[in-house]
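In our numbering, the protein residues as written are 9 to 298.
Even glycine gets a Cβ: it sits at the ideal position worked out from N, Cα and C.
No experiment lies behind these values; they were computed from the predicted model shown.
Here the structure is laid out as structure tokens; the discussion comes afterwards.
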């Protein structure tokens with residue numbers, strides 16, 4: 009994509025979009041995106057203190073992969089909700105049991121870089137960034153036998169060439185842009201790639217680390233966001249996405265807030281419990297682009 013002042017799509021107010029429908033007559037497509045990440049002990053953790061090793065910040069993230077992930081996964085499995093996992097590919101090497109659990113639960117895996125300690129912008133060249141994306145997708149494919157169709161950049165970062173690279177590597181959607189409550193088609197070098205809604209603010213990272221919300225407030229955020237989008241979906245389908253990090257929401261005093269929020273959603277009719285790939289496929293078919 010060449011540098012430009014607006015995105016690779018025309019501006020379109022949501023009320024002017026063609027009516028969107030979901031399988032089975034569902035009003036909303038509901039997707040959960042757990043971010044499962046690896047941070048090397050001998051590298052700086054973004055947003056943390058500059059010292060290496062930063063054992064307290066590293067330890068919290070390791071706790072998420074030892075304990076928090078499985079707490080979260082058990083709740084989702086009980087409610088019949090699958091994850092669309094944003095996976096650092098080095099998790100395959102350092103936390104293989106997590107990836108095996110995802111496959112056991114029939115969760116989707118999408119590319120999320122090799123480690124969140126290294127952002128795409130940290131590479132000096134576009135070739136280096138492209139190699140990182142390719143290595144990420146190759147490693148996940150080698151582990152699970154299927155090449156990821158989705159991409160979420162480490163730190164939700166892209167550069168001018170990211171869309172070209174991920175489209176060329178077979179990805180059909182990305183959660184990086186998050187600019188609508190419905191999917192949006194982006195045309196990149198003759199290929200169509202879907203910009204997927206990503207949380208609309210319903211993110212444990214944003215809620216707890218940036219807004220300093222309480223667990224009760226996080227639960228209410230889930231309920232309120234769902235209620236608004238569910239109400240608006242009478243006119244046209246919507247996507248409800250929740251972004252999670254096991255080291256944040258998987259703590260004992262926060263996990264119940266997530267559980268209650270997900271239980272609230274599960275009590276509603278006409279909710280499609282979907283994965284990112286399923287949503288993108290349905291949306292592209294409705295645009296005549298499948």
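*Can you tell which of 282, 289 and 297 has its C-alpha closest to the C-alpha of residue 115?*
282
_So within the region 94 to 123, which uninterrupted alpha helix (DSSP H) runs reach at least 4 residues, ignoring any that extend past its ends?_
99 to 102 and 104 to 112
*Looking only at its own chain, which residues have a Cβ that is under 6 Å from the Cβ of residue 294, when we skip the five neighbours before and after it?*
none
*asked:* Give the list of continuous alpha helix (DSSP H) stretches no shorter than 4 residues that lie fully inside the region 179 to 266.
replied: 223 to 240 and 254 to 257
*Closest residue to residue 131 among 167, 256, 204 and 187 (Cα-Cα distance)*: 167
*Ends of the beta strand (DSSP E) at residue 37?*
36 to 44
*Tell me, which residues are paired with residue 159 by DSSP?*
119 and 182
_Less than 7 Å between C-beta atoms, sequence neighbours within five positions excluded: which residues of the same chain meet that for residue 148?_
95, 97, 100, 117, 119 and 156
*Is the beta carbon of residue 176 less than 9 Å from the beta carbon of residue 197?*
yes
*Would you tell me roughly how many angstroms separate the C-alpha atoms of residue 86 and residue 279, rounded to the nearest one?*
16 Å
_Inter-residue spacing [alpha-carbon to alpha-carbon] between residue 134 and residue 145_ = 17 Å
*May I ask you to list the residues that DSSP assigns as paired with residue 339?*
Outside the modelled stretch of the chain, which goes from 9 to 298, sits residue 339, for which no answer is possible.
*Would you call the CB atoms of residue 93 and residue 44 closer than 9 Å?*
yes
_Just to confirm, is the Cβ distance from residue 28 to residue 193 under 9 Å?_
no
_Measuring only the C-alpha atoms, how far is residue 327 from residue 63?_
Because the chain here runs from 9 to 298, residue 327 falls outside it and cannot be looked at.
*State the CB to CB distance for the pair residue 36 and residue 241, rounded to an integer number of angstroms; the pair is presumed to be in contact (CB under 8 Å).*
5 Å
*Express the C-alpha separation of residue 71 and residue 277 in angstroms, rounding to a whole number.*
35 Å
*Assuming residue 201 contacts residue 173 under a Cβ cut-off of 8 Å, what Cβ separation, rounded to an integer in Å, is found between them?*
That belief does not hold up - the Cβ atoms of residue 201 and residue 173 are roughly 11 Å apart, past 8 Å.
*Under three-state DSSP, which class holds residue 176?*
helix
*asked:* Would residue 143 pass as an interface residue toward chain C - the criterion being a Cβ-Cβ separation below 9 Å?
replied: The displayed structure is made up of one protein chain only, and chain C is not part of it.
*asked:* residue 190 and residue 244 - do their beta-carbons sit closer together than 9 Å?
replied: yes
*List the whole-angstrom C-beta distance separating residue 330 from residue 127, where the pair is believed to meet the contact cut-off of C-beta under 8 Å.*
In the structure displayed, the chain extends from 9 to 298; residue 330 sits before or after that span and is not available.
*Going by DSSP, which residues form a beta bridge with residue 92?*
116
*Nonlocal neighbours in the same chain, by C-beta distance under 6 Å from residue 65, ignoring five residues either side*: 53 and 56
_DSSP three-state assignment for residue 75, whether helix, strand or coil_ = helix
*asked:* Spatial neighbours of residue 58 within its chain, please: C-beta separation below 8 Å, excluding the five flanking residues on both sides.
replied: 52
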